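Peer 1: With the UniProt record's numbering as the guide, the letters of the sequence shown map in order to residues 1 to 70. Just so you know, even glycine gets a beta-carbon here, dropped at the ideal spot from N, CA and C. Note that the coordinates shown come from a computational prediction; the quantities given were computed from them, not determined experimentally.
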Amino acid sequence: MVGTRTIYERQIRETLGNNPDTSKALRLLMTQGKLARVGAGGRGDPFAYKATASGLDALQEMIINTSLAV
1 MVGTRTIYER QIRETLGNNP DTSKALRLLM TQGKLARVGA GGRGDPFAYK ATASGLDALQ
61 EMIINTSLAV
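1) Measuring CA to CA, which of A69, N19, L56 is closest to A36?
2) Give me the residue from N65, F47, L68 with the minimum Cα distance to E9.
3) Within its chain, find whatever has a CB closer than 7 Å to the CB of K34; leave out the 5 residues flanking it on each side and keep chain order.
4) Sorted by chain position, which residues of the same chain lie with C-beta nearer than 8 Å to T22's C-beta, five sequence neighbours on each side aside?
5) How big is the Cα-Cα spacing for G39 and Y49?
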């Protein structure tokens with residue numbers, strides 16, 4: 001879902017669920033430096049997320065490890 005393009009928080013919540021776990025996951029990924037957030041979080045400037053270089057590296061490693069495990 002998140003990759004090289006920016007995705008609005010609304011889209012993430014529609015896909016993963018609008019619940020506290022989604023909020024915690026987004027905050028954790030930002031704290032780890034794997035996601036960057038833009039926007040002020042209001043109606044005219046909603047939050048949006050984009051994977052950082054570190055996040056893309058982690059995603060690629062996860063994909064490789066998953067394919068090797070099969």
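Peer 2: This is what the structure gives:
1) L56
2) F47
3) A51, T52, S54, G55, A58
4) I12, R13, L16
5) The straight-line gap from Cα to Cα measures roughly 9 Å.
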